[in-house]
Amino acid sequence: MLIDFRPHARLRSDKPVDLAASVAPVVSALAGSEWDLGRVRVVCDWVQYKENFRDAVDLRPILSTPEGLEVAVDVRRAGPPPRLSGDSADRVYLEDWGPGSASCVWAFNALYWNALEQWEKASGRGYEQALPGGESDARNRDAAREVIEGLFDVWETLELRAALPEELVVVELGVGNGGQAKVFLDEFRRADRARGTDYYRRLHYLMCDYSQHVLDLAGEAVAEHAGRVSSVALDATRPLTSLGFLKYKVFLVYVSNVYDNLPTDEVAQIGGRTYAVQTRAYLPAQGARADLVHRLLRLGPLLLTEVAPDRFPDLDTAVGFWREAWSALRLEERYVPLPALDEYPVTPRFSGEALRPLLESGADIRMHVSNGAVASFADSLQLLHPYGRLICHDIFVTGVEGYRGPFRGPGKYDGSVVNWVNGPLIAHVGRRCGFDVHFEPFRHRSAGNIVTMTAQVRE
Amino acid sequence: MELPPLPTTVVGSYPVPEWMERLKTDYCRGRMSYGQLQDVHDMAVKAALRDQELAGIDIVSDGELRRDNDIDYTLARMPGIEIPDPVKDFYYDYHEARLATLPAVTGPSPLGLAADYAFTSAQTSAPVKFSFTGPFSLSCRVHDRGRTSQRDLVMAMAGVLNAEARALAELGATLLQIDEPFLAGHTDQVGLAVDAVNAVTDSVEATWALHVCYGNRYARPSWEGHYDFLFPDVLKANVDQLVLEFARKGDDDLTIIDKFGWPGALGLGVIDVKSDEVETPELVANRIRRALRHVGAERLFVNPDCGLRNLTAATARAKLAAMARGARLVRDELPIKQGATV
Numbered sequence: 001m002l003i004d005f006r007p008h009a010r011l012r013s014d015k016p017v018d019l020a021a022s023v024a025p026v027v028s029a030l031a032g033s034e035w036d037l038g039r040v041r042v043v044c045d046w047v048q049y050k051e052n053f054r055d056a057v058d059l060r061p062i063l064s065t066p067e068g069l070e071v072a073v074d075v076r077r078a079g080p081p082p083r084l085s086g087d088s089a090d091r092v093y094l095e096d097w098g099p100g101s102a103s104c105v106w107a108f109n110a111l112y113w114n115a116l117e118q119w120e121k122a123s124g125r126g127y128e129q130a131l132p133g134g135e136s137d138a139r140n141r142d143a144a145r146e147v148i149e150g151l152f153d154v155w156e157t158l159e160l161r162a163a164l165p166e167e168l169v170v171v172e173l174g175v176g177n178g179g180q181a182k183v184f185l186d187e188f189r190r191a192d193r194a195r196g197t198d199y200y201r202r203l204h205y206l207m208c209d210y211s212q213h214v215l216d217l218a219g220e221a222v223a224e225h226a227g228r229v230s231s232v233a234l235d236a237t238r239p240l241t242s243l244g245f246l247k248y249k250v251f252l253v254y255v256s257n258v259y260d261n262l263p264t265d266e267v268a269q270i271g272g273r274t275y276a277v278q279t280r281a282y283l284p285a286q287g288a289r290a291d292l293v294h295r296l297l298r299l300g301p302l303l304l305t306e307v308a309p310d311r312f313p314d315l316d317t318a319v320g321f322w323r324e325a326w327s328a329l330r331l332e333e334r335y336v337p338l339p340a341l342d343e344y345p346v347t348p349r350f351s352g353e354a355l356r357p358l359l360e361s362g363a364d365i366r367m368h369v370s371n372g373a374v375a376s377f378a379d380s381l382q383l384l385h386p387y388g389r390l391i392c393h394d395i396f397v398t399g400v401e402g403y404r405g406p407f408r409g410p411g412k413y414d415g416s417v418v419n420w421v422n423g424p425l426i427a428h429v430g431r432r433c434g435f436d437v438h439f440e441p442f443r444h445r446s447a448g449n450i451v452t453m454t455a456q457v458r459e
Numbered sequence: 001m002e003l004p005p006l007p008t009t010v011v012g013s014y015p016v017p018e019w020m021e022r023l024k025t026d027y028c029r030g031r032m033s034y035g036q037l038q039d040v041h042d043m044a045v046k047a048a049l050r051d052q053e054l055a056g057i058d059i060v061s062d063g064e065l066r067r068d069n070d071i072d073y074t075l076a077r078m079p080g081i082e083i084p085d086p087v088k089d090f091y092y093d094y095h096e097a098r099l100a101t102l103p104a105v106t107g108p109s110p111l112g113l114a115a116d117y118a119f120t121s122a123q124t125s126a127p128v129k130f131s132f133t134g135p136f137s138l139s140c141r142v143h144d145r146g147r148t149s150q151r152d153l154v155m156a157m158a159g160v161l162n163a164e165a166r167a168l169a170e171l172g173a174t175l176l177q178i179d180e181p182f183l184a185g186h187t188d189q190v191g192l193a194v195d196a197v198n199a200v201t202d203s204v205e206a207t208w209a210l211h212v213c214y215g216n217r218y219a220r221p222s223w224e225g226h227y228d229f230l231f232p233d234v235l236k237a238n239v240d241q242l243v244l245e246f247a248r249k250g251d252d253d254l255t256i257i258d259k260f261g262w263p264g265a266l267g268l269g270v271i272d273v274k275s276d277e278v279e280t281p282e283l284v285a286n287r288i289r290r291a292l293r294h295v296g297a298e299r300l301f302v303n304p305d306c307g308l309r310n311l312t313a314a315t316a317r318a319k320l321a322a323m324a325r326g327a328r329l330v331r332d333e334l335p336i337k338q339g340a341t342v
């Protein structure tokens with residue numbers, strides 16, 4: 001039996017994890033089971049997301065020949081001896097097995113952004129309050145000034161060579177409540193006046209978001225800059241589809257807290273073999289109505305009141321049902337062998353060959369593929385002017401070794417899904433597209449996990 | 001060799017298959033021997049020639065498949081240039097290069113390109129275009145050149161390339177092309193680049209082409225602008241053809257050819273190499289027809305905007321076939337039945 005205890009730092013914290021309390025009951029239960037212990041792995045995580053998709057102990061079949069088993073333990077929730085049977089009678093499944101990116105958790109995620117107003121009304125707080133610190137780092141004025149100064153320097157250089165286009169385009173993907181856009185535009189105007197460059201007049205700031213509700217709110221926040229701002233509702237994984245007319249014209253693509261909220265698969269290397277992690281969503285409650293959940297995801301809470309008025313007489317009841325279902329939602333997992341990397345699509349454009357540099361050491365590892373983030377990133381790079389930059393603030397794993405430590409998701413952030421983003425994969429894809437990708441901790445706030453990623457054309 | 005009107009050709013590079021990419025990277029990391037890699041290159045060059053012939057291309061190239069990118073193959077062989085760290089993570093990355101001594105001619109084929117040409121020409125009966133990166137662009141990747149001026153370095157490299165060009169001509173190369181992929185990013189240095197081009201072509205009996213584009217590294221433009229920066233300096237270049245990109249950028253710059261009175265031939269870019277979308281023969285034909293308003297058919301060559309390296313092989317084959325068919329459509333409309341010779 002292999003025991004992989006990942007939350008090493010927690011062993012030395014003020015309130016250290018009790019290894020015996022969390023792992024010993026699992027080992028005891030396994031000892032009494034019929035499993036071939038030589039083919040059993042016990043992986044222990046400290047799951048920092050209080051709301052998540054896991055039980056305290058989950059069983060994950062490894063579909064190799066002969067079959068193996070991974071027992072996943074959330075050491076934060078050490079409890080009584082677990083059941084090690086595959087009995088699923090008390091679970092109501094919402095879907096069949098499939099890659100994580102295809103799970104209905106992403107339909108819940110999309111519903112959250114589409115019906116954000118209703119969720120916020122029920123929860124009594126805005127979504128930004130769910131972020132650590134209660135606001136996005138995107139609103140940091142020092143960070144905005146630094147970016148703007150960099151832009152002005154590039155533009156002045158191009159102007160000297162008569163190579164500066166008339167329109168200076170900046171794109172923001174995922175605008176939140178418009179706070180970042182307002183800070184950027186305010187600082188931009190101030191810097192323009194101070195330098196006397198007349199760039200504000202030529203600026204075209206495009207606010208892009210999946211949610212029209214969010215865009216409307218953001219539009220109000222930047223009303224005083226209305227002449228300089230447009231908004232576009234788009235799928236963040238395919239910005240080029242809506243913004244193709246801006247190919248090679250954008251000087252700054254700014255992305256904040258978007259990538260961690262885009263669909264992702266996971267892959268794993270176990271014993272020298274590569275596996276896809278398949279998931280299956282379920283509700284751990286007898287009598288749960290899968291059909292109503294599917295209706296909710298298809299229609300949203302408002303229409304649900306119209307098609308099932310007996311069950312949902314008003315919007316509050318429907319939103320309450322949504323929130324309860326979301327809270328109860330869990331994911332079963334299993335490992336399915338991947339026969340060849342190129343048969344696995346990371347995105348429509350990049351095959352699993354992009355993962356090879358991350359897996360080639362052969363060491364055991366499990367990582368997110370960040371499919372949505374990679375697609376969004378690669379698409380966004382095509383928007384960039386030869387002297388443009390992409391700047392992203394998000395939670396990144398910045399090295400492959402980072403997957404051998406803390407738990408990286410998925411977790412629940414309010415009504416949305418959160419996963420740490422696979423930085424090494426993004427960097428590799430960027431490199432293949434001709435960009436240097438650089439990561440550094442967000443410099444304008446001392447604590448926190450936010451990383452600044454910058455991509456710009458390689459010399 | 002006689003050619004039809006509106007002869008079709010390529011700019012140089014051909015798609016590098018993913019498996020070859022991996023092998024090249026393995027070689028860079030020391031996991032594969034040089035001899036094995038040469039076998040791979042030989043096979044790939046033969047396949048690229050076959051693809052071009054099947055697509056109906058009149059003047060073919062070796063696809064530059066021995067070269068890891070547009071710079072390093074030539075720069076690493078340049079006498080006097082040192083590559084401090086010759087092992088790369090990925091073959092398409094650029095080496096860092098430094099100047100140890102001013103490049104000087106060390107023998108009859110100082111860069112070994114003539115042998116590459118000999119192999120290629122032995123594998124095809126079609127006319128071959130042989131391209132190499134020009135001295136100005138090569139110099140742009142030598143960041144540490146000590147006290148040597150850029151002009152001295154560029155002209156010294158031009159001398160070495162001239163010796164190589166003589167060796168190529170000696171082996172029968174009749175169409176040579178100098179690529180200057182960095183020139184559009186240094187628009188104030190066209191004079192120097194042209195001086196160097198003239199040093200390269202000096203006393204070499206061949207048809208000379210000069211290719212200038214806005215960059216194609218990683219299938220992206222490296223710069224934006226218009227070709228007017230080339231003029232009037234490029235009028236002094238001792239070359240027979242300018243090979244320029246128009247498919248991605250549009251026809252606006254064709255008027256520049258008129259305006260400045262370029263007297264030579266024009267290699268007309270009719271295929272966008274930065275897009276996976278395959279042009280139709282009709283679109284290619286229309287692009288050629290529009291160019292004919294500015295340049296006579298006897299002066300027009302038809303080619304993609306730049307090298308095909310960043311496309312998939314299937315896309316490249318389809319684009320070349322469309323280009324050849326498009327050229328034939330216009331060719332059939334022309335009163336002349338014979339084109340240039342190379």
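From first to last, the protein sequence lines stand for chains A and B.
Sequential numbering from 1 applies to the first sequence in the working numbering.
Sequential numbering from 1 applies to the second sequence in the working numbering.
All residues carry an ideal CB built from backbone N, CA and C; glycine is no exception.
Since the model is a prediction, treat every value here as computed from it, not as a measurement.
- In the DSSP annotation of this structure, the continuous segment of the alpha helix (DSSP H) that includes Cys140(B) starts and ends at 135-140.
- Ala163(A) has a beta carbon lying within less than 8 Å of a beta carbon in chain B.
- Residues of the segment 216-237 of chain B that bring their beta carbon within less than 8 Å of a beta carbon in chain A comprise Arg217, Tyr218, Ala219, Arg220, Pro221, Ser222, Trp223, Glu224, Gly225, in sequence order.
- Burial check for Ser370(A): the Cβ neighbour count within 10 Å reaches 16 or more, so the residue is buried.
- One Cα belongs to Glu167(A), the other to Pro424(A), and the distance between them is close to 34 Å.
- Within the segment 231-255 of chain A, contact with chain B at the beta-carbon level (separation under 8 Å) is assigned to Tyr248.
- Note that the C-beta distance between Asp62(B) and Val40(B) is not below 8 Å.
- DSSP assignment within the segment 180-256 of chain B yields the following whole alpha helix (DSSP H) runs of 4 residues or more, N-terminal first: 190-201.
- CA-to-CA, the gap between Asp72(B) and Gly227(A) works out to about 48 Å.
- Taking the beta carbon of Gly434(A) as reference, the chain B residues within 8 Å of it are Arg217, Tyr218, Ala219, Arg220, listed in sequence order.
- Of all residues in the segment 180-204 of chain B, only Gly185, Thr187, Asp188 come within less than 9 Å of chain A when Cβ atoms are compared, listed by chain position.
- One thing to note: Asp51(B) has its Cβ within 8 Å of the Cβ of Arg317(B).
- Annotation for Leu116(A): Tyr127, Ser211, His213, Val214 place their beta carbon closer than 7 Å to its own, counting only its chain and skipping 5 residues before and after.
- For a cut-off of 8 Å, the C-beta gap from Ala21(A) to Ala72(A) is around 17 Å, too long to register as a contact.
- Taking 8 Å as the threshold, the shortest C-beta distance from Pro339(A) to chain B does not fall below it.
- In the displayed model, Cys28(B) falls within a helix according to three-state DSSP.
- In this structure, the straight-line span from the alpha carbon of Asp188(B) to that of Glu360(A) is close to 46 Å.
- With a minimum length of 3 residues, the unbroken runs of beta strand (DSSP E) contained wholly in the segment 243-330 of chain B fall at 265-271, 300-304.
- Collapsing the DSSP output to three states places Gly172(B) in coil.
- Under the 8 Å criterion on CB atoms, Glu245(B) is classed as non-interfacial with respect to chain A.
- Scanning chain A for C-beta atoms nearer than 7 Å to the C-beta of Glu18(B) yields Glu353, reported in chain order.
- Residues of chain B with a Cβ closer than 8 Å to the Cβ of Pro348(A) do not exist, since the nearest Cβ in that chain sits about 11 Å away.
- Look at the segment 386-398 of chain A: the residues with a C-beta under 7 Å from a C-beta of chain B are Pro386.
- Membership of Phe251(A) in any alpha helix (DSSP H) is not indicated; the residue belongs instead to the beta strand (DSSP E) covering 250-256.
- Looking at Glu180(B), Ala209(B), Asp251(B), Leu242(B), the one whose alpha-carbon comes closest to that of Arg217(B) is Glu180(B).
- Under DSSP, Arg41(A) takes part in a beta bridge, and its partners are Leu2(A), Glu70(A).
- Shown here, Phe90(B) sits in coil according to DSSP, grouped into three states, outside any helix or strand.
- The Cβ neighbour count for Trp223(B), taken over all protein chains shown within 10 Å, is at least 16; the residue is labelled buried.
- Fewer than three beta-carbon pairs drawn from the segment 112-126 of chain B and the segment 90-103 of chain B are found closer than 8 Å, and the two stretches are therefore not classed as touching.
- In the structure shown, the three-state DSSP call for Ser242(A) is helix.
- Beta-bridge partners assigned by DSSP to Gly80(B): none are found.
- Pairing Arg289(B) with Val243(B) gives a Cβ-Cβ distance that is not under 8 Å.
- Annotation: Ala89(A) to Asp55(A) spans about 16 Å, alpha carbon to alpha carbon.
- Beta-bridge annotation (DSSP): Arg311(A) is not paired with any residue.
- For Tyr282(A), the pairing in a beta bridge is given by DSSP as Tyr93(A), Arg330(A).
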